[in-house]
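In the working numbering, the protein residues as written are 669 to 944.
All C-beta atoms in this analysis are idealised placements derived from N, C-alpha and C, irrespective of residue type, glycine included.
None of these values were measured; they are calculated from a predicted model.
For reference, the structure discussed in these notes is given below.
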């Protein structure tokens with residue numbers, strides 16, 4: 669029996685301190701992959717540091733529609749932005765998701781992927797999205813899968829192969845039902861590379877050592893992705909994000925000696941999306 673696990677840290681580049689924490693969660697812990705927020709100020713510099721200091725850390729792109737500003741001029745992606753030219757917040761995007769133009773999203777996501785390639789000198793190991801926005805409408809998901817095919821990279825799968833609603837974690841509740849209808853069909857059409865299942869249970873109040881050990885103990889044969897959000901918080905992050913101090917706690921847990929020992933005991937192979 670072979671168990672392979674991608675421990676993916678979201679939000680690389682969100683701040684220099686989050687990026688530093690993710691690199692430490694890789695060098696001292698079980699994190700094996702991360703995804704980069706390509707519209708953030710320090711992200712290109714952070715990618716360069718990762719390439720030097722953590723060459724085995726998978727580097728993907730965390731496609732954005734709900735944080736910061738688009739890379740493209742606001743007038744090029746009018747359905748994605750507020751009057752000040754910034755991306756909508758999550759609640760507003762959910763409320764207006766039916767009005768989103770997938771062509772706008774595709775153009776912006778392409779700009780984000782291309783900025784990664786220019787900064788890293790290589791294509792990303794995979795694609796996923798902040799707040800799972802790539803699953804908000806059939807057209808957005810089709811656009812996302814089309815980009816993954818074009819760039820020949822794997823994707824995060826926020827639903828298990830069996831389309832079991834219990835596996836849906838993090839997607840806004842009003843969007844779950846429609847997604848269960850169209851996602852299997854589009855996955856069959858595009859046939860992207862992806863892990864067998866996505867685990868989002870290690871988050872906020874459930875980001876605890878017992879929960880992390882339970883997840884590791886529950887893994888059977890196959891390839892799995894565990895989402896996490898380690899990092900170092902700082903005053904700027906605390907002022908701008910509801911998920912700040914939780915990152916420090918996740919970093920401690922993901923580098924905990926007992927967690928490391930459990931991974932080795934169960935012969936869990938830590939991989940990145942590049943090995944799919």
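- Between residue 674 and residue 940, the C-beta gap is smaller than 8 Å, which places the two residues in contact.
- Note that the region 700 to 707 touches the region 730 to 744; at least 3 beta-carbon pairs, one per stretch, sit closer than 8 Å.
- Nearest neighbour of residue 857 by Cα position, chosen from 909, 680, 924 and 809, turns out to be 809.
- Taking a cut-off of 8 Å on C-beta distances, the region 678 to 688 touches the region 707 to 721, as three or more cross pairs fall below it.
- Taking C-beta atoms under 8 Å as the contact rule, residue 761 and residue 802 fail to qualify, at a distance of about 12 Å.
- When DSSP reads this structure, residue 672 sits in a beta bridge with 891 and 937.
- Residue environment analysis places residue 679 among the buried positions, since at least 16 neighbouring C-beta atoms fall within 10 angstroms of its C-beta.
- Residue 901 and residue 693 have their C-alpha atoms roughly 14 Å apart.
- Taken in chain order, the whole alpha helix (DSSP H) runs of length 4 or more contained in the region 676 to 752 are 684 to 695 and 711 to 721.
- With a minimum length of 3 residues, the unbroken runs of beta strand (DSSP E) contained wholly in the region 764 to 805 fall at 795 to 797.
- Closest option to residue 873, judged by alpha-carbon separation, among 889, 850, 737 and 918: 918.
- Contact between the region 864 to 871 and the region 882 to 899 is present, with at least three C-beta pairs closer than 8 Å.
- A distance below 8 Å between beta-carbons, with the five flanking residues on each side excluded, links residue 910 to no residue of its chain.
- Residue 821 and residue 794 do touch by the CB rule: their CB atoms are close to 5 Å apart, below 8 Å.
- Contact annotation, residue 741 with residue 813: C-beta distance approximately 26 Å; criterion of less than 8 Å not satisfied.
- In terms of Cα proximity to residue 851, the closest of 726, 723, 804 and 907 is 804.
- A distance of 8 Å or more separates the beta carbons of residue 880 and residue 898.
- With respect to the 8 Å criterion, residue 671 and residue 883 are not classified as neighbours on the basis of their beta carbons.
- Boundaries cannot be given for residue 755, as no beta strand (DSSP E) includes it and DSSP labels it neither H nor E.
- Inter-residue distance for residue 779 and residue 745 is about 12 Å (C-alpha atoms, whole angstroms).
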